[in-house]
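Inspection log for the structure reproduced underneath, given as structure tokens.
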Amino acid sequence: MKSFIGIALILIAGLAVSIWIGFHTKMAEGTLPYDDDQKGIQDQVVIKFSHVVAENTPKGLAAQRFAKRVNEKSNGQIKIEVIPNGGLYSDQEELEALQSGDVQMIAPATTKLSSFSPKWQILDLPYAMPTRESIIKALNGDIGNTLLQSLEEKNMKGLTLWINGFKQITTNDGPVVHPDDLSGQNLRIMPSKVLEKQFDLVGAKAVGLDFNDTYRLLESKELNGEENTISNIYSKKFFDVQSHLTISNHGFLGYAVIMNDEFWNKLTKQQQRIISEALDEATRWNQTQSFAMNEEQLALIERNSSIDIHYLTKEEKREWAKRWEPVYRAFKSEIGDDLLSKMIQLRDSYNDF
Ligand code: LMR
Numbered sequence: 001m002k003s004f005i006g007i008a009l010i011l012i013a014g015l016a017v018s019i020w021i022g023f024h025t026k027m028a029e030g031t032l033p034y035d036d037d038q039k040g041i042q043d044q045v046v047i048k049f050s051h052v053v054a055e056n057t058p059k060g061l062a063a064q065r066f067a068k069r070v071n072e073k074s075n076g077q078i079k080i081e082v083i084p085n086g087g088l089y090s091d092q093e094e095l096e097a098l099q100s101g102d103v104q105m106i107a108p109a110t111t112k113l114s115s116f117s118p119k120w121q122i123l124d125l126p127y128a129m130p131t132r133e134s135i136i137k138a139l140n141g142d143i144g145n146t147l148l149q150s151l152e153e154k155n156m157k158g159l160t161l162w163i164n165g166f167k168q169i170t171t172n173d174g175p176v177v178h179p180d181d182l183s184g185q186n187l188r189i190m191p192s193k194v195l196e197k198q199f200d201l202v203g204a205k206a207v208g209l210d211f212n213d214t215y216r217l218l219e220s221k222e223l224n225g226e227e228n229t230i231s232n233i234y235s236k237k238f239f240d241v242q243s244h245l246t247i248s249n250h251g252f253l254g255y256a257v258i259m260n261d262e263f264w265n266k267l268t269k270q271q272q273r274i275i276s277e278a279l280d281e282a283t284r285w286n287q288t289q290s291f292a293m294n295e296e297q298l299a300l301i302e303r304n305s306s307i308d309i310h311y312l313t314k315e316e317k318r319e320w321a322k323r324w325e326p327v328y329r330a331f332k333s334e335i336g337d338d339l340l341s342k343m344i345q346l347r348d349s350y351n352d353f
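Okay, so the sequence shown: first residue is 1 according to UniProt numbering, each after it adds one.
Okay, structure coming up:
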């Protein structure tokens, strides 16, 4: 009996202590002093920045630099989470994800904006920007500004333009030296009417497909070839599943860095300023480094792979450019006279390749 009373007393005491601890903790929570650090975390702005290419590319590295500078400039109050390699969304999905606010920032190839606004097709015209200088002039001048502004009608905030580089042609059915060498080939392109027309004019069948499906389709030989920059050919190892590479520099591949515009408008002026300044720095870096990266990676492909490489001569480039001239006429009304004349003027002022 005695031991029963003893056990009961111990249990009652234990219960009383637990109730006291619980109550005390609740009181303590209610009276917790204001904590700056916790407020900081609650107020931190997180921006998801999704893109489809590898990290070791002009876009991948510019995005990382941008994220680092935003973090430094905002003392950690703005965090840019960069998600590369289509880890979050494929290139087809990312534009919708941006518009619905599921992701706050993307940097699609400018080609992929042409279905929203046909003016963007101007950057895909073959040999429109035949030199590095002409690319930088077009992007940083009137042409680039007009294009970025055109996104406002689509509720997107166009922030800046980045460069990857010149597109080249790879195939399993080469060498590709003259336009007719592509006749009958099945090629992967970014979805674009200009690019379809471009390859149609040389007798190839070009299909707009997701970037991250390209390697598999080339490897399984469902496709003969594709066009892309050296940086994408290198980082995605297309050279392993292709026998011929033609250095044609026939087209431009670059990016529009875009934010969901409702999200942008909700940022404070100071947050917008930090983002704009960090982007300016990343853009300057991108515009000076992208061509060098493509060159270094071409040297690596040349050294470490067995792909056969042909460099088009100036005469050969002229032959391709002539064959593709009708693309300009075909898209004149969609692009608009004014913008197209500016591009042709720029192209002709660099009348050599
Ligand atoms: C492609 O689809 O080939 C490119 O747009 C990929 C990229 O973002 O560079």
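Note that the Cβ used here is the ideal one computed from N, Cα and C, for glycine as well. Just so it is clear, the structure is predicted and the values come from calculations on it, not from any experiment.
The three-state secondary structure of Gln168, taken from DSSP, is strand. Nearest Cα to Arg69 within the set Thr288, Thr283 and Ser235: Thr283. Comparing alpha-carbon positions, the option among Val45, Asn75 and Val327 lying closest to Val202 turns out to be Val327. In the structure shown, Glu316 falls within a helical segment according to DSSP collapsed to helix, strand and coil. Proximity of the segment 197-216 to the segment 85-93 meets the contact definition, three or more beta-carbon pairs being nearer than 8 angstroms.
By the beta-carbon neighbour count (other beta carbons within 10 angstroms, threshold 16), Tyr127 is buried.
In the structure shown, Ser74 falls within a coil segment according to DSSP collapsed to helix, strand and coil. Here the C-alpha atom of Lys167 lies approximately 10 angstroms from the C-alpha atom of Gly254. Contact annotation: Arg132 and Trp285 have beta-carbon atoms that are not nearer than 8 angstroms.
At a cut-off of 7 angstroms, the beta-carbon of Asp91 counts as near ligand 1: some heavy atom of the ligand is closer than that. In the structure shown, Met259 adopts extended strand secondary structure according to DSSP, grouped into three states. Residue pairing by DSSP places Ile83 opposite Ser50 in a beta bridge. In the structure shown, Met129 falls within a coil segment according to DSSP collapsed to helix, strand and coil. Proximity of the segment 219-238 to the segment 52-64 meets the contact definition, three or more beta-carbon pairs being nearer than 8 angstroms. Judged by beta-carbon spacing, Ile47 lies within the 8 angstroms limit of Gln104, meaning their Cβ atoms are closer than that value.
The segment 169-181 and the segment 308-327 touch, with no fewer than 3 CB-CB distances between them shorter than 8 angstroms.
In chain order, Ile47, Phe49, Ala67 and Val70 place their CB closer than 6 angstroms to the CB of Ile80, counting only its own chain and leaving out the 5 sequence neighbours on each side. A Cβ-Cβ separation of about 20 angstroms leaves Val207 out of contact with Leu125 under the 8 angstroms criterion. Contact between Leu312 and Lys137 is absent: CB atoms are separated by about 23 angstroms, not below the 8 angstroms threshold.
Here the alpha carbon of Lys154 sits roughly 45 angstroms from the alpha carbon of Arg303. Listed in chain order, the beta strand (DSSP E) elements of length 3 or more contained wholly in the segment 283-350 are 308-311.
Cβ-Cβ distances below 6 angstroms link Thr111 to Asp124, Met190 and Ser192 in the same chain, with the five nearest sequence neighbours on each side left out; the list follows chain order.
At the C-beta level, Lys317 and Phe353 come within 8 angstroms of one another.
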